[in-house]
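S.K.: Note that the working numbering has the sequence shown beginning at 24, numbered continuously upward.
Got a structure here, written out as structure tokens. Questions coming.
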Amino acid sequence: MRIIGLGTAITVVTMTLSGCAGSSTSAQPDASVSADASVPRADFALRGSWLYLGPGDAGHSLEISNASIVYTSTGGDWSSTWAIKDYDNDLHRFQLVLTSGTGSYFPAGQSLSGTYDVSGAILTVQLADGLGAYMTLQSPGSCTLGGSQPIANCGLYMKQN
């Protein structure tokens, strides 16, 4: 019995020191780091420059990197910078936290979750307030239901480069 108890104690200590045991703290994910630090994380699928096509009249462009999304008015009267908290290329979604904004910037809020679809050079994005409140992408390639009913917080973009 004593040998089994000693063996169990050694196993528990070994697991704890090697990181296999549970932890009472939890780190927030960083969009630039993969879950397995030995494997490089894939680039965010939306990286690049995008031009807003509609609907609506808030003309703007997006500049997307692995770390941020910058919205800039085509008229130059507003802009907003959002840190990418997390992204998942397989599930086609991302989380944003506002870093800064000037003028009456778009989109409004402190944190957003987005779902997306890319078809050729066309990007469809639907945003929701808060982190983790993912909308179901209702009409990829269009921001209308039934051809006429606008979908709230939906935007169409065209790849620029």
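We put the CB at the ideal spot given by N, CA and C, even for glycine.
Values in this document were obtained by computation on a predicted structure and should not be read as measured data.
#1: Where does LEU150 fall in DSSP's three states?
#2: Using C-beta distances below 8 angstroms, list every residue in its chain close to ASN184, excluding the 5 sequence neighbours before and after it, in chain order.
#3: Spatial neighbours of GLY137 within its chain, please: C-beta separation below 6 angstroms, excluding the five flanking residues on both sides.
#4: Excluding five sequence neighbours on each side, which residues of the same chain lie with their C-beta closer than 7 angstroms to the C-beta of THR167?
#5: For SER61 and GLY99, I'd like the C-alpha separation in whole angstroms.
#6: Please state the DSSP three-state secondary structure of THR92.
#7: Quick one, are the C-beta atoms of GLY132 and ASP152 less than 9 angstroms apart?
#8: Go ahead and label THR48 buried or exposed: buried means 16 or more other beta carbons lie within 10 angstroms of its beta carbon, across all protein chains shown.
#9: My assumption, with CB atoms under 8 angstroms, is that PHE67 sits in contact with TYR94. Please give the rounded CB distance.
#10: Between which residues of its own chain and VAL120 is the CB-CB distance below 6 angstroms, once the five residues before and five after are set aside?
#11: Please report how far the alpha carbon of ILE101 lies from the alpha carbon of GLU86, in whole angstroms.
#12: Would you mind stating whether SER103 and TYR139 have Cβ atoms separated by less than 9 angstroms?
#13: Alpha carbon to alpha carbon, how far is TYR180 from GLY82? Give it in angstroms, no decimals.
#14: State the Cα-Cα distance for the pair ALA113 and SER123, rounded to the nearest angstrom.
#15: Could you check whether LEU74 and SER84 sit closer than 9 angstroms to each other, using their CB atoms as the reference points?
#16: For GLY170 and TYR157, I'd like the C-alpha separation in whole angstroms.
M.R.: Let me spell this out:
#1: The residue given as residue 150 occupies position 127 in the sequence shown. Three-state result, LEU150: strand.
#2: The residue given as residue 184 occupies position 161 in the sequence shown. Cβ-Cβ distances below 8 angstroms link ASN184 to GLY71, SER72 in the same chain, with the five nearest sequence neighbours on each side left out; the list follows chain order.
#3: For the purposes of this step, residue 137 is taken as residue 114 along the sequence shown, with counting starting at 1. The residues are PHE117, VAL148, LEU150.
#4: As a first step, residue 167 is located in the sequence shown; it is residue number 144 there, counting from the start. The residues are PRO173, ILE174.
#5: The sequence position of residue 61 within the sequence shown is 38, counting from 1. The sequence position of residue 99 within the sequence shown is 76, counting from 1. Each residue's Cα considered, the two are about 42 angstroms apart.
#6: Along the sequence shown, read from residue 1 onward, the residue named residue 92 stands at position 69. Before going on, a small fix: residue 92 reads as Ile here, not Thr. ILE92 falls in the strand class under three-state DSSP.
#7: If you number the sequence shown from 1, residue 132 lands on position 109. If you number the sequence shown from 1, residue 152 lands on position 129. In this structure, GLY132 lies near ASP152, with their beta-carbon atoms less than 9 angstroms apart.
#8: Numbered from its first residue, the sequence shown carries residue 48 at position 25. Unreliable positioning characterises THR48 in this predicted model, as indicated by a pLDDT of 32, which lies under 50. The coordinate reading is nonetheless provided below. Around the beta-carbon of THR48, fewer than 16 other beta-carbon atoms lie within 10 Å, marking it exposed.
#9: Stepping through the sequence shown from its first residue, residue 67 is reached at position 44. Stepping through the sequence shown from its first residue, residue 94 is reached at position 71. Rounded to whole angstroms, the Cβ separation of PHE67 and TYR94 is 16 angstroms, and the two are not in contact under 8 angstroms.
#10: As a position in the sequence shown, residue 120 is number 97, starting the count at 1. Counting only Cβ-Cβ distances below 6 angstroms, and skipping sequence neighbours, we find ALA106, LYS108, SER134.
#11: What you label residue 101 is simply residue 78 of the sequence shown in a count that begins at 1. What you label residue 86 is simply residue 63 of the sequence shown in a count that begins at 1. Reading the sequence as shown, one finds Trp at residue 101 and not Ile. If you take the alpha carbons of TRP101 and GLU86, they lie about 14 angstroms apart.
#12: In the sequence shown, the residue the question calls residue 103 occupies position 80. In the sequence shown, the residue the question calls residue 139 occupies position 116. No, Cβ-Cβ distance for SER103 and TYR139 is not below 9 angstroms.
#13: Numbered from its first residue, the sequence shown carries residue 82 at position 59. Numbered from its first residue, the sequence shown carries residue 180 at position 157. So the alpha carbons of these two residues sit roughly 10 angstroms apart.
#14: Here residue 113 refers to the residue found at position 90 of the sequence shown. Here residue 123 refers to the residue found at position 100 of the sequence shown. Note that residue 113 is Asp in the sequence shown, not Ala. Straight across, the Cα-Cα distance linking ASP113 with SER123 is about 28 angstroms.
#15: Locating residue 84 in the sequence shown gives position 61, counting from the first residue. Locating residue 74 in the sequence shown gives position 51, counting from the first residue. It is a contact, given that the beta carbons lie within the stated cut-off.
#16: The residue given as residue 170 occupies position 147 in the sequence shown. The residue given as residue 157 occupies position 134 in the sequence shown. Spanning the two alpha carbons is a distance of roughly 23 angstroms.
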